[in-house]
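Sequential numbering of the sequence shown, starting at 76, is according to our numbering.
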Amino acid sequence: MSEPLSPRDLLEKLVSFPTVSRDSNLALVDWVEGYLNDHGIACHRDYDPTGQKASLYAHVGPEVEGGVVLSGHTDVVPVDGQDWHSDPFTLTEKDDKLHGRGACDMKGFDALAIWAAVEAKRRGVSRPLQLCLSRDEEIGCIGAPPMIEHMQGRVPKASLAIIGEPTEWGIVTGHKGGGAYDIHVHGYEVHSSMPHTGVSAIMEGARLIDWANRTNEENRAKAAADSPYDPAWTTLHVGIIHGGTAHNITAKDCTFILSARCIPEEPVEHWLDRMRAEILRVEAGMKAVRPETGITYEQRWNVPGLAAETQGEAEALVRRLTGENGSSVVSYGTEAGQFQAAGYSAVVCGPGNIAQAHQPDEYLTVDQLQKGEVFMTRLLDTLMET
């Protein structure tokens, strides 16, 4: 058995794996599984359909239900086009900041959770601790649901989950849900001097984007003044678009992702239905000009929001560990709502500031990592008491 690594050493190792969501994460999974195995912890994998990515989970402690899940994701966003001042995949300390892609979102928590799992094994906890490291969170939280399903019957079901997204160790008890469609507009090419005889996929796609803009303004106008969310309304967004071949030809193709981040009062399914209705309305106008045109679409994600729980077990435990009395809600989505939907009490609490997520020179402060070690030590003490 090798000597246990510190949270800092574990973070350095995790950052060294370039687990960008478009690429495989298996090198990281292999290393983590080998490290945990070396310390007597058996692991389970849940692969994606390609077999090139996997989620990893492990159970430490007695084979009974009612344990605590520490949940993080292994993937990170790309560094393409960002102006980094150090190697993104080498942990670099400067001015008490640990720079590296994923240091904040969310390999800092992953490192702390791995450290806690090994320490729980060494101590022999009375209440189980489970480690969950998912794939593909950054492309729509699509890895957690199959992982959670895979866990059922393979490890005893835990009662609560702590999702370690960056909150600076504050307590987040609610967040927005979200849904999105991959949209492909199929046009008909003609010379741009005769646009009425063809169908421009870009121009028709713009109708959907304009609808999203108008809907955002309508939602903003009717937003509740006392909402805890910022912004206090459901927002629609298009972040990337492709299409066209030349400036003087109506575009044959246009592709983009149309997404929604939904306040709790407006279910994700409601907004997915509204998107579909608008897609069909635009498509009808296209087909009236050229019947062979149309719009194909495929759901990219559907992430439930996290609802605040009345006397939630996860919130109560994290309050005990942090000493925090307050709580907050956030507009970004996490895997917490997916754990909650599967019957776990859930809360979001972890190291770092979300403003650092996805940024060039992303960092986690040394202080936040140290606070995390205190948090995990208190958790382990609690698991010994039960």
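Note that CB positions come from ideal geometry on N, CA and C, so glycine has one too.
As the structure is a prediction and not an experimental result, all values here were calculated from the model.
Would you tell me roughly how many angstroms separate the C-alpha atoms of SER161 and SER96, rounded to the nearest one? 21 Å
For GLY141, collect the residues of the same chain with a Cβ closer than 6 Å to its Cβ; drop the 5 residues on either side in sequence, then sort them by chain order. SER234
Taking 8 Å as the limit between beta carbons, can you name the residues of its chain near ASN100, skipping five residues before and five after? PHE92, THR94, LYS128, ALA129, THR149, ASP150 and ARG210
Contacts around THR368, its chain only, beta-carbon distance under 7 Å, and the 5 residues preceding and following it disregarded: HIS261, GLY262, TYR263, VAL274, MET361 and LYS362
Measuring only the C-alpha atoms, how far is LEU455 from PRO82? 15 Å
Would GLY61 and PRO435 be called neighbours here (beta carbons separated by less than 8 Å)? Look at the range of the chain in this structure, 76 to 461, and you will see that residue 61 is not part of it.
If you check the beta carbons only, do ASP185 and LEU89 fall under 8 Å apart? yes
Tell me where the alpha helix (DSSP H) around GLY412 begins and ends. 411 to 416
Residues bridged to LEU235 [DSSP beta-bridge criterion]: VAL143 and SER420
Give the range of the alpha helix (DSSP H) segment to which TYR263 is assigned. From DSSP, TYR263 is part of no alpha helix (DSSP H); its letter is neither H nor E.
Cutting at 8 Å between CB atoms, please list the residues of its own chain near GLY412, excluding the five before and the five after it. HIS250, GLY252, VAL378, PRO379, GLY380, LEU381, ALA382 and ALA421
Rounded C-alpha distance that separates GLU213 from TRP376: C-alpha separation (whole angstroms): 11 Å.
Return yes when the Cβ of GLY136 is within less than 8 Å of the Cβ of VAL200, no when it is not. yes
Applying the criterion that 16 or more other CB atoms from any shown protein chain within 10 Å of the CB defines a buried residue, is LEU131 buried or exposed? With 16 or more other Cβ atoms within 10 Å, it is buried.
Measuring alpha carbon to alpha carbon, tell me which of ILE338, GLN374 and ASP348 ends up nearest PHE331. GLN374
Looking only at C-alpha atoms, which of SER406, GLY254, HIS312 and ASN400 sits nearest to GLU344? GLY254
Starting from ALA276, trace the alpha helix (DSSP H) both ways and give me its first and last residue. 276 to 296
Could you work out which residue in CYS424, LEU458 and ALA391 is closest to GLY447 when comparing CA atoms only? CYS424
Go through its chain and collect everything with a Cβ distance to SER77's Cβ below 6 Å, but skip five positions before and after it. Closer than 6 Å at the Cβ level, and outside the excluded window around SER77, lie ASP113.
With a cut-off of 8 Å, do at least 3 Cβ pairs link the stretch 276 to 283 to the stretch 403 to 411? Under the Cβ criterion (8 Å, minimum of three pairs), the stretch 276 to 283 does not count as touching the stretch 403 to 411.
Neighbour-count burial assignment, SER334, 16 or more Cβ in a 10 Å radius: Counting of Cβ neighbours within 10 angstroms places SER334 among the buried residues, the total reaching 16 or more.
Could you work out which residue in ALA299, THR310 and LEU103 is closest to THR290 when comparing CA atoms only? With distances taken between CA atoms, THR290 lies nearest to THR310 out of ALA299, THR310 and LEU103.
Return the CA-CA distance between MET451 and PRO339, expressed in angstroms with no decimal places. 31 Å
Ordered along the chain, which non-local residues of its own chain (more than five positions away) have a Cβ less than 8 Å from that of ILE324? Around ILE324: GLU264, VAL265, HIS266 and SER267.
Measuring only the C-alpha atoms, how far is ASN428 from LEU439? 8 Å
Pick out whichever of THR125, SER146, ALA299 and VAL152 has its Cα sitting closest to the Cα of ALA432. VAL152
Once the 5 residues before and after PRO220 are set aside, which same chain residues still bring their CB inside 7 Å of it? GLN413
Report, in whole angstroms, the separation of the C-beta atoms of ALA236 and ALA416, which I expect to be a contact under 8 Å. ALA236 to ALA416, Cβ: 11 Å. No contact.
May I ask which residues mark the beginning and end of the alpha helix (DSSP H) holding ALA117? Premise fails: ALA117 is in no alpha helix (DSSP H) and is neither H nor E.
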